[in-house]
Each structure stands twice: as C-alpha cells, then as structure tokens.
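S.K.: Residue numbers (my numbering), protein chains in the order written: chain H, 695 to 824; chain U, 128 to 223; chain X, 67 to 188; chain C, 13 to 121.
Beta carbons are placed, not taken as given, at the ideal position from N, Cα and C, and that holds for glycine.
Quick one: structure below, then a few questions.
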Amino acid sequence: MNYSIAIYGGPYSNQAAHSALHFAQAALTRGHCISRVFFYHDGIYNGSALVSPPQDEANVPAQWHTLAKENDIELVVCIAAAVRRGLLDEKEAKRYSRASHNIAEGVSLSGLGQLIDAGLTSHKLITFGL
Amino acid sequence: MILHTVNKSPSTQSTLKECLFTATNGDNILLIEDGVYGSTTAFKALLKEGLHYFVLQEDLDARGIAIDQLAPEWTAISYTGFVELTETADTVCSWF
Amino acid sequence: MSENMSDLLIMFRKAPIGTSWAREALDLALVGAAFGQHVSLLFMGDGVYQLLTNQQPESVGQKGTQAMMKALPMYDIEQIFVSQQCLADRGLTQDQLGFSCDLLDQTQVQALLQSHQQVFNF
Amino acid sequence: MLPLENASIPTDDEGYLENLNDWQPEIAALIAKNEGLTLSPEHWEIITLLRQFYQEFELSPAMRPLIKYIGLQLGKEKARSIYLMQLFGESPAKMASKIAGLPKPTNCL
C-alpha cells in the first residue's frame, strides 16, 4: 500500500518524529511504499540542516533524511508554519530579505495543500502528533 | 473500522477519554508514547466494551512498564503490529 | 447525516489562544476547502472554547480565529458540529457560542467520525 | 520604498508594504504603477472589497472565496475569474491583495 505520514512534533522535545521513523521502517519492511512525509506545526524543525545533537544522542532529523533518500520518500515542510518559525530555503530567505537559509538538503517547503493531497492520493495517512 | 492512536497519559490529559467517547463498536485503540500509561490496571475503569485495545511494546519497554501491570483488555504489539492495524483500518485517527 | 462518505472531517479539540493549534487547524480546513474538498468541522473537548464570543486575543498580542471562523461560508464550509456533552461538561450552553453549529449527542459524534474518509484531529 | 509627498514608505523587495498601517489610496496607486497597472473605478471596486474582506475575516482570500464574496457584494456579473484577470492579470487575488495593502501571502496553498 501507499502511505503518507504527517509529523507535528519537533526533534528532542517529544517523541513524534522518532515514533514516525520507527513506523516508517516497519511499514517499508512489510513491503509498503511511503510517498510523502509532511511536517506541520513544530514538526517543521525536523527540516533544519542545523540540528546538532551530541554524538551519543540520536539525530532523528538526519535519520529521516537518510531514510527518505534511500527509499525515495518526499519530505515536505509546510511553508507557512516553517517561515513563521524561522526555517527558510534560499528562495524564501530572498523573499523575506534574510541573510541565511537553513533547510536541509532533500527537504522542500510547500503549501498545506500537500497535506490534503497526501490524504487524497495515499491509501493511508498516519499522523504523529505533538 | 477506525484505528485510533493515543499518545497522552490519561492522568494529565483527557485525550484517551475523548478518544473513547467517539470510538464505536469494532474500532481499534492503540496507545503509543506517553499514552501507554493508560493500559495499566489503574485506568481500567475508563475502558468500554466493543473496542479492541492495543498498546505499543517498545513504548512500554522504554517506560519500564511490565506486561503484568496491564489491564487484561490490552494486547501489546510491536511496530509491525502497528502497521498491520493500519492496513485493515478505513481511517486512522491520531489523538494527541 | 448522509449515508455517503464525506471527504474531510477536521476536529478541533484544543482551547484557543494558549497554543497555535486552533489557527493551524483552521488553516488546514480552509486549504482543504480551497482544494475542492467537502469539509466538516467538529468542536469537542476544550475545542468548544474556540466558539465562545467576546474573545479578545489582541490583549495577548494574538490574531485569534474568530474573524477567520466568520469566513467559513465563503469557503463553502457549512457543516459545523459541536459535541453537546463537551459543552455540558464545561458548564456551557449553545447561546454562549458565537457561531451557529449543530449540536451532536455521543451517537451522532461517533457516526460523524465513521462517515468521513479522512479525519484530521487537532 | 514608495515616494509619497515628503516621506518614503518602506516596502520589501517584492513591493509589499513593511507596515500595513502605511496603506492609503495614494499608496495603492503607487504599488499598482510599479506593477504596470493604472487603477480604474473597476479596479477600486475590487480593492475596496478586498480590504473589506480582510477587515471582516482577517484573511487574504484565495481565488474561490474572493469570487464568492464578490458575487455576494457586487453581483454575479463581476464574480468571474476572467473579469478579475482582465483587471489584475494572471494571479488576480495575489495582485489585488498586494495593491490593497494586505499581508504578503504565505504561499500555503
């Protein structure tokens, strides 16, 4: 089956992104496909390129980026939630005249419509709340 | 059939209570994260009949809750079991 | 309630003001409608507080959702439900609400969830 | 920057007002001019309506709700996207909102 996942919790403050990662790995193992992960609310912080935990702690955002690359999963961050919270790509940094941008490679900013679309085009949409 | 996931402890928030209020015969309930505290015997009185109750083993283990502390209604499952529950659900509703 | 499955149910369960959930859930409702989806809203739990009149979110430097809620008919969102039980639990009555909603009992709330293909729960 | 009498009204790189309170009809004309538009009474009718929409709902409307609102306020004839496109170009909701001094859109659709 074709799955999409929504994540509303940021890294290190709660379990959402971590639970979602375990779920995704289990779903892939069972032969399902995951087409899109949509980050909303504080979940957008998982899209930062600057997450820098100590070496003895799991880097969940980095694990997501790796899993997505290996399994062709689209990682999408809600643009309105992200820009408000200070997660920008090059284009938005220019649009808001900000000196730098910080979105991780392989993650894209897009509209909330992508979450609606994920619900419509996947067999299952599984949400991991804050 | 709806699969409801709940991730909050029933002592701090009414998430589980609200979930059970809306769940109907044949629905599956799955506790994850801090929600797993709700599977212990202390909260047995919240449960109603006609629902199937599951709790995520990994989250129980992480919190040091042993199987013998659970009310008898609950079945502990792995993440694979979680995926299996989503396969058969018409809708998955996440309570947080 | 119709026998047919409806598109999208958005549940509002968090109190307004204290967190951004009310706004972010309403944003999703509007986007869903702009995408041509048939959207229903259900207010339950502390989410019923979102419907109270006389909120002054600007007194804590916020925008609130009251004005946005009034725009729902422009987005063709006309099915707005509230749990009677959740109102009663909080000592509220329908005349304290700033919006016209359909009151649902527990069985009707259960049926509402079952009758939607997609449920977003905030 | 938009030059107005002795003052300069700050705008961002895309021509949106930095402070929404700076908006006044003369400013709208200046924004429109930068976008290559000269405002006619028909433009003003829509701009006024957009400001009314924003005041009422605290929202910049997407195309569909804008058209519905126009239909309710100005009648069916003007509640057509082709009419708005003739006035404001390819993205009329966006362009008219900019001239009307509404917040910069978050591109959230």
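What number of angstroms, rounded off, separates the C-alpha of K135(U) from the C-alpha of S93(C)?
M.R.: Here residue 135(U) refers to the residue found at position 8 of the second sequence. Here residue 93(C) refers to the residue found at position 81 of the fourth sequence. Taking the straight line joining both Cα atoms gives about 47 Å.
S.K.: Check whether chain H comes within 8 Å of T23(C), counting only Cβ atoms and requiring the distance to be less than that.
M.R.: The count along the fourth sequence starts at 1 and reaches residue 23(C) at position 11. Cβ-Cβ to chain H under 8 Å: no for T23(C).
S.K.: Could you work out which residue in E68(C), F100(C), W56(C), S52(C) is closest to M75(C) when comparing CA atoms only?
M.R.: Here residue 75(C) refers to the residue found at position 63 of the fourth sequence. Nearest option by C-alpha distance: F100(C).
S.K.: Against chain C, does G741(H) count as a neighbour if the rule is that its beta carbon must be under 8 Å from one of theirs?
M.R.: As a first step, residue 741(H) is located in the first sequence; it is residue number 47 there, counting from the start. No, G741(H) does not count as interfacial toward chain C.
S.K.: Counting only runs that start and end within the region 774-818 of chain H, where is the alpha helix (DSSP H) found for 4 or more residues in a row?
M.R.: Listed in chain order, the complete alpha helix (DSSP H) runs (minimum 4 residues) inside the region 774-818 of chain H are 784-789, 807-815.
S.K.: Take every Cβ of the region 128-140 of chain X, pair it with every Cβ of the region 58-72 of chain C, and state whether three or more of those distances are shorter than 8 Å.
M.R.: Cβ pair count under 8 Å is three or more, so yes.
S.K.: Which residues in the same chain as M13(C) place their Cβ atom closer than 8 Å to its Cβ, once the five residues preceding and following it in sequence are excluded?
M.R.: Numbered from its first residue, the fourth sequence carries residue 13(C) at position 1. Same-chain partners within the cutoff: S20, I21, P22, T23.
S.K.: Can you check whether the C-beta of S166(U) is within less than 8 Å of a C-beta belonging to chain H?
M.R.: If you number the second sequence from 1, residue 166(U) lands on position 39. Chain H contact via Cβ: absent.
S.K.: Roughly how many angstroms lie between the CA atoms of T207(U) and R724(H), to the nearest whole one?
M.R.: Along the second sequence, one-based indexing puts residue 207(U) at 80. Along the first sequence, one-based indexing puts residue 724(H) at 30. Going from the Cα of T207(U) to the Cα of R724(H) covers about 8 Å.
S.K.: Taking 8 Å as the threshold, find out whether the region 44-58 of chain C comes into contact with the region 106-126 of chain X through three or more Cβ pairs.
M.R.: In short, these stretches do not touch, since the Cβ pair count stays below three.
S.K.: From T151(U) to Q196(U), what does the alpha carbon distance come to, in whole angstroms?
M.R.: Reading the second sequence from its first residue, position 24 is the one you call residue 151(U). Reading the second sequence from its first residue, position 69 is the one you call residue 196(U). One C-alpha to the other measures close to 26 Å.
S.K.: Compute the distance between the beta-carbons of Q184(X) and L781(H), then report whether it is under 8 Å.
M.R.: Residue numbering aside, residue 184(X) sits at position 118 when the third sequence is read from its first letter. Residue numbering aside, residue 781(H) sits at position 87 when the first sequence is read from its first letter. Going by C-beta atoms, Q184(X) is not nearer than 8 Å to L781(H).
S.K.: For E145(U), decide whether its Cβ has a neighbour in chain X, counting only Cβ atoms nearer than 8 Å.
M.R.: Here residue 145(U) is taken as the residue at index 18 of the second sequence, counted from 1. Answer yes: the Cβ-Cβ gap between E145(U) and chain X drops below 8 Å somewhere.
S.K.: Taking the alpha carbon of E786(H) as the point to measure from, which residue in S109(C), P117(C), L42(C) has its own alpha carbon closest?
M.R.: Taking the first sequence and counting its residues from 1, the one referred to as residue 786(H) is at position 92. Among S109(C), P117(C), L42(C), the Cα nearest to that of E786(H) is on P117(C).
S.K.: Specify the secondary structure class of A154(X) as computed by DSSP and reduced to three states.
M.R.: In the third sequence, counting from the first residue as 1, residue 154(X) sits at position 88. Helix.
S.K.: Are V97(X) and D73(X) touching if we call contact CB-CB under 8 Å?
M.R.: By 1-based counting over the third sequence, the position of residue 97(X) is 31. By 1-based counting over the third sequence, the position of residue 73(X) is 7. Contact flag unset, no.
S.K.: Taking just the CA atoms, how far does A95(X) sit from L173(U)?
M.R.: Locating residue 173(U) in the second sequence gives position 46, counting from the first residue. Locating residue 95(X) in the third sequence gives position 29, counting from the first residue. Cα-Cα distance, rounded: 31 Å.
S.K.: Quick one: what does DSSP say S729(H) is sitting in, helix, strand or coil?
M.R.: On the first sequence, residue 729(H) is found 35 positions in, with the first residue counted as 1. Correct three-state label for S729(H): strand.
S.K.: Give me the Cα-Cα distance between G703(H) and Q709(H), rounded to the nearest whole angstrom.
M.R.: For the purposes of this step, residue 703(H) is taken as the residue at position 9 of the first sequence. For the purposes of this step, residue 709(H) is taken as the residue at position 15 of the first sequence. So the alpha carbons of these two residues sit roughly 7 Å apart.
S.K.: So, for D161(U): in the same chain, excluding its five sequence neighbours on each side, which residues have a beta-carbon less than 7 Å away from its beta-carbon?
M.R.: Position 34 of the second sequence, counting from 1, holds the residue named residue 161(U). Here the set comprises N134, K135, S136.
S.K.: Say whether chain U places a C-beta atom closer than 8 Å to the C-beta of K818(H).
M.R.: Stepping through the first sequence from its first residue, residue 818(H) is reached at position 124. It does: the Cβ of K818(H) has a partner Cβ on chain U nearer than 8 Å.
S.K.: For L217(U), count the other beta carbons within 10 Å of its own beta carbon; 16 or more makes it buried, fewer makes it exposed. Which is it?
M.R.: Indexing the second sequence from 1 puts residue 217(U) at position 90. Contrary to the premise, residue 217(U) reads as Asp rather than Leu in this sequence. Exposed is the call here.
S.K.: Taking CB distances under 8 Å as the criterion, tell me whether N31(C) reaches chain H.
M.R.: As a working note, residue 31(C) is residue 19 in the fourth sequence. Chain H, which has no Cβ nearer than 8 Å to the Cβ of N31(C), makes this no.
S.K.: How is P77(C) classed by DSSP in three states: helix, strand or coil?
M.R.: On the fourth sequence, position 65 is the one that residue 77(C) refers to. Looking at P77(C) - three-state DSSP - the assignment turns out to be helix.
S.K.: Could you tell me the boundaries of the beta strand (DSSP E) in which T723(H) lies?
M.R.: As a position in the first sequence, residue 723(H) is number 29, starting the count at 1. Element bounds for T723(H): not the beta strand (DSSP E) but the alpha helix (DSSP H), 710-723.
S.K.: Where L158(U) and V175(X) are concerned, what is the direct C-alpha to C-alpha distance, given to the nearest angstrom?
M.R.: Counting from 1 along the second sequence, the entry for residue 158(U) is found at position 31. Counting from 1 along the third sequence, the entry for residue 175(X) is found at position 109. Cα to Cα, L158(U) sits roughly 21 Å from V175(X).
S.K.: So N230(X) contacts chain U; which residues on that side make the cut at Cβ distance below 9 Å?
M.R.: Residue 230(X) lies beyond the stretch modelled for chain X, which goes from 67 to 188, so this question has no answer here.
S.K.: Considering only the alpha carbon of each residue, which of I699(H), Y739(H), T815(H) lies closest to R778(H)?
M.R.: The residue you call residue 778(H) lines up with position 84 of the first sequence. When only C-alpha atoms are compared, the closest one is Y739(H).
S.K.: Would you mind working out which of Q808(H), H759(H), N796(H), V731(H) sits nearest T821(H), comparing C-alpha positions?
M.R.: Within the first sequence, residue 821(H) is the residue found at index 127, counting from 1. When each option's Cα is compared against that of T821(H), the closest is V731(H).
S.K.: Using a Cβ cut-off of 8 Å, pull out every chain C residue sitting near I797(H), in sequence order please.
M.R.: On the first sequence, residue 797(H) is found 103 positions in, with the first residue counted as 1. The premise fails here: I797(H) is roughly 15 Å from chain C at the closest Cβ pair, so nothing lies under 8 Å.
S.K.: From the beta carbon of I738(H), is the nearest beta carbon of chain X less than 8 Å away?
M.R.: Taking the first sequence and counting its residues from 1, the one referred to as residue 738(H) is at position 44. With 8 Å as the cut-off, I738(H) does not count as an interface residue toward chain X.
S.K.: For M13(C), does the three-state DSSP call read helix, strand or coil?
M.R.: What you label residue 13(C) is simply residue 1 of the fourth sequence in a count that begins at 1. The answer is coil: DSSP assigns M13(C) none of H, G, I, E or B.
S.K.: So for E70(C), helix, strand or coil by DSSP?
M.R.: Start at 1 with the first residue of the fourth sequence, and residue 70(C) comes out as number 58. It is coil, neither helix nor strand.
S.K.: How would you label G157(X), buried or exposed, when you count the other beta carbons within 10 angstroms and need 16 or more for buried?
M.R.: Along the third sequence, read from residue 1 onward, the residue named residue 157(X) stands at position 91. Exposed: under 16 other Cβ atoms inside 10 Å.
S.K.: Since N119(C) meets chain H, which of its residues come closer than 8 Å, beta carbon to beta carbon?
M.R.: Working through the fourth sequence from its first residue, we reach residue 119(C) at position 107. Per Cβ cutoff of 8 Å: I773, A774, G805.
S.K.: Give the range of the alpha helix (DSSP H) segment to which T151(U) is assigned.
M.R.: Position 24 of the second sequence, counted from the first residue, corresponds to residue 151(U). That residue, T151(U), is in no alpha helix (DSSP H); it is neither H nor E in DSSP.
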